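The block underneath contains the structure these notes are about, expressed in structure tokens.
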Amino acid sequence: MPNEMILTETRGRVGLITLNRPQALNALNNQLARELMDALEAFDKDDHIGAMVLTGSEKAFAAGADIKEMANKSVQQMMDGDSIAVFSRILTIRKPVIAAVSGYALGGGCEVAMSCDMIIASESARFGQPEITIGVIPGAGGTQRLTRAVGKALAMEMILNNRTLSAQEALQFGLVNRVVPIERFLDEALNLAEEIASRAPLAIRAAKKMINQAYERMLTDAIHAERQEFYNLFSTEDQKEGMQAFIEKRKPEWKGK
Ligand code: CAA
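In short: position in the sequence shown from 1, add 1, done, that's the numbering used here.
Structure follows, in structure tokens:
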């Protein structure tokens with residue numbers, strides 16, 4: 002079936018995937034997430050491709066998981082559907098994946114960017130985990146990867162109090178590799194990917210695998226626990242209220258229930 006929510010193309014030895022759901026700021030619904038992971042896996046199997054770049058639009062890399070799709074779900078439906086599990090498929094990709102991020106990288110969008118191997122940010126990029134504002138927590142690795150990337154103090158502030166980071170702050174705190182003007186962020190990522198793709202492919206894969214052993218391996222149990230906590234919150238009135246308030250564009254009223 003042709004993709005409806007992403008665009009794919011090859012540039013030399015680089016596979017480029019563009020999230021293309023502009024009307025929802027690339028909110029990651031099930032279909033978009035599935036198309037994205039399928040495309041990454043297809044490039045990973047393609048011998049002509051040495052590295053991948055994942056990008057969105059100038060305005061939004063991705064504004065998170067699709068709130069409208071999950072607002073009314075119960076814990077059981079969240080657990081049965083296990084829609085967040087799809088995000089971990091990115092970790093099985095053997096070739097390097099570079100995120101080229103401009104505009105919003107929020108919630109699941111920030112989590113997808115952090116699951117890539119490197120991040121090139123445009124000057125307008127904004128990183129955040131705003132789930133607390135809709136009565137839940139990050140569910141796709143945010144509590145773990147953000148804490149590893151920026152340290153406990155800042156991760157606490159970002160996840161507990163919706164502090165977002167500008168591109169320059171993200172650079173300062175080690176979340177991204179480089180910040181470049183908006184006109185050049187995609188080219189910068191493509192050039193970096195092309196350079197990496199020209200190197201010894203098997204050594205590149207081994208290097209990526211070993212860096213992830215240092216970084217990702219210890220996260221596995223915690224990521225599962227985080228996903229369970231995320232699903233559990235779907236039994237609360239605050240999750241229903243938080244997500245409904247977002248959809249109705251009003252302030253939520255928290256009950257602590
Ligand atoms: N899910 C569903 N729809 C979304 C969305 C999301 N995450 N983010 C944006 N949209 C939709 C909006 O509802 C709106 O649709 P309509 O035109 O039909 O009203 C459209 O995209 C444009 O958005 P806004 O009008 O809100 O644009 P804005 O420029 O005023 O604000 C924004 C931009 C600050 C990013 C705001 O859209 C926003 O706060 N989005 C939600 C961010 C968020 O909470 N993300 C976390 C989601 S939960 C998650 O990701 C869980 C996880 O860990 C896996």
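All residues carry an ideal CB built from backbone N, CA and C; glycine is no exception. Treat the numbers as computed from the prediction; the structure is a model and nothing was measured.
Below 8 angstroms, how does it come out for the stretch 197-210 and the stretch 55-64: are there three or more Cβ pairs, yes or no? Contact fails: fewer than three Cβ-Cβ distances are below 8 angstroms.
Where Thr221 falls, given that 16 or more other Cβ within 10 Å makes a residue buried: Taking the first residue of the sequence shown as 1, we reach residue 221 at position 220. Around the C-beta of Thr221, fewer than 16 other C-beta atoms lie within 10 Å, and the residue is accordingly described as exposed.
Val180 - partner residues in DSSP beta bridges: Walking along the sequence shown from the start, residue 180 turns up at place 179. Looking at the DSSP output, Val180 shares a beta bridge with Ala122.
Ordered along the chain, which non-local residues of its own chain (more than five positions away) have a Cβ less than 8 angstroms from that of Glu242? Position 241 of the sequence shown, counting from 1, holds the residue named residue 242. For Glu242, the CB contacts under 8 angstroms within the same chain, skipping 5 residues up- and downstream, are Gly136, Pro253, Glu254, Trp255 and Lys256 in chain order.
Could you check whether the Cβ of Lys209 sits closer than 7 angstroms to any heavy atom belonging to the ligand CAA? As a position in the sequence shown, residue 209 is number 208, starting the count at 1. Checking every heavy atom of the ligand CAA against the Cβ of Lys209, none is found closer than 7 angstroms.
Would the C-beta of Ile135 count as close to the ligand CAA, meaning under 7 angstroms from any of its heavy atoms? Taking the sequence shown and counting its residues from 1, one reaches residue 135 at position 134. Answer for Ile135: yes, Cβ within range of the ligand CAA.
Burial state of Lys96, where buried means 16 or more other Cβ atoms lie within 10 Å: Along the sequence shown, read from residue 1 onward, the residue named residue 96 stands at position 95. With 16 or more other CB atoms across the displayed protein chains lying within 10 angstroms of its CB, Lys96 is buried.
Excluding the five sequence neighbours on either side, which residues of its own chain have a C-beta within less than 8 angstroms of the C-beta of Cys117, listed in chain order? Your numbering for residue 117 matches position 116 in the sequence shown. Setting aside the 5 residues that flank it on each side, Cys117 is surrounded in the same chain by Leu55, Ile91, Val98, Ile99 and Ala100, each with a C-beta closer than 8 angstroms to its C-beta; the list follows chain order.
Among Asp239, Ile248, Asn21 and His225, the one whose alpha carbon lies nearest that of Lys258: Counting from one through the sequence shown, the residue named residue 258 turns up at place 257. Here the closest residue by C-alpha is Asp239.
Any heavy atom of the ligand CAA closer than 7 angstroms to the beta-carbon of Gly140? Taking the sequence shown and counting its residues from 1, the one referred to as residue 140 is at position 139. Checking every heavy atom of the ligand CAA against the Cβ of Gly140, one is found closer than 7 angstroms.
Between Leu8 and the rest of its own chain, which residues show a CB-CB distance below 7 angstroms, the 5 nearest in sequence each way excluded? Translated into the one-based positions of the sequence shown, residue 8 becomes position 7. Cβ within range, chain order: Thr19 and Asn21.
Tell me whether the beta-carbon of Asp47 lies closer than 8 angstroms to the beta-carbon of Gly16. By one-based count along the sequence shown, residue 47 stands at place 46. By one-based count along the sequence shown, residue 16 stands at place 15. Contact annotation: Asp47 and Gly16 have beta-carbon atoms nearer than 8 angstroms.
Give the DSSP bridge partners of Glu42, in chain order. The residue labelled residue 42 in the question sits at position 41 within the sequence shown. Listed as beta-bridge partners of Glu42 by DSSP are no residues whatsoever.
What runs of the alpha helix (DSSP H), each 4 residues or longer, lie entirely inside the stretch 142-189? List check, alpha helix (DSSP H) in window: 143-151, 153-162 and 168-173.
Taking 7 angstroms as the cut-off, is the C-beta of Glu132 nearer than that to any heavy atom in the ligand CAA? Numbered from its first residue, the sequence shown carries residue 132 at position 131. It does: the Cβ of Glu132 is within 7 angstroms (strictly closer) of some heavy atom of the ligand CAA.
Count the other CB atoms within 10 Å of the CB of Glu5; is the residue buried (16 or more) or exposed (fewer)? The residue you call residue 5 lines up with position 4 of the sequence shown. Flag for Glu5 reads exposed.
Can you tell me whether Gln130 is buried or exposed, with buried defined as 16 or more other CB within 10 angstroms of its CB? Here residue 130 is taken as the residue at index 129 of the sequence shown, counted from 1. Answer is buried; the Cβ neighbour count reaches 16.
Name the residue from Ala168, Gly110, Ala246 and Met115 whose alpha carbon lies nearest to the alpha carbon of Glu124. Counting from 1 along the sequence shown, the entry for residue 124 is found at position 123. Looking only at Ala168, Gly110, Ala246 and Met115, the smallest Cα-Cα distance to Glu124 is reached by Ala168.
Rounded to a whole number of angstroms, what is the C-alpha to C-alpha distance between Gly142 and Cys111? Here residue 142 refers to the residue found at position 141 when the sequence shown is read from its first residue. Here residue 111 refers to the residue found at position 110 when the sequence shown is read from its first residue. Linking Gly142 to Cys111 through their CA atoms gives a straight-line distance of about 10 angstroms.
Identify, in the order they occur along the chain, each residue of the same chain with its Cβ nearer than 6 angstroms to the Cβ of Met119, setting aside the five sequence neighbours on each side. Mapped onto the sequence shown, residue 119 falls at position 118. Close CB contacts of Met119 within its chain, under the 6 angstroms cut and outside five residues either way in sequence, are with Ile99 and Asn178 (chain order).
Could you give the first and the last residue of the continuous alpha helix (DSSP H) run that contains Glu112? The count along the sequence shown starts at 1 and reaches residue 112 at position 111. Gly109 to Ser116 is the extent of the alpha helix (DSSP H) around Glu112.
Is the beta carbon of Phe186 closer than 8 angstroms to that of Ser103? Counting from 1 along the sequence shown, the entry for residue 103 is found at position 102. Counting from 1 along the sequence shown, the entry for residue 186 is found at position 185. Judged by their CB atoms, Ser103 and Phe186 are nearer to each other than the 8 angstroms cut-off.
Is the beta carbon of Ala106 within less than 7 angstroms of some heavy atom of the ligand CAA? For the purposes of this step, residue 106 is taken as residue 105 along the sequence shown, with counting starting at 1. Result no, Cβ not under 7 angstroms from the ligand CAA.
Starting from Glu1, trace the beta strand (DSSP E) both ways and give me its first and last residue. Outside the displayed span of the chain (2 to 258) sits residue 1, for which this structure offers no information.
Which whole-angstrom value is the C-beta distance of Tyr232 and Val76, which I expect to be below 8 angstroms? In the sequence shown, counting from the first residue as 1, residue 232 sits at position 231. In the sequence shown, counting from the first residue as 1, residue 76 sits at position 75. Between Val76 and Tyr232 the Cβ distance is about 6 angstroms, and since that is below 8 angstroms, they are a contact.
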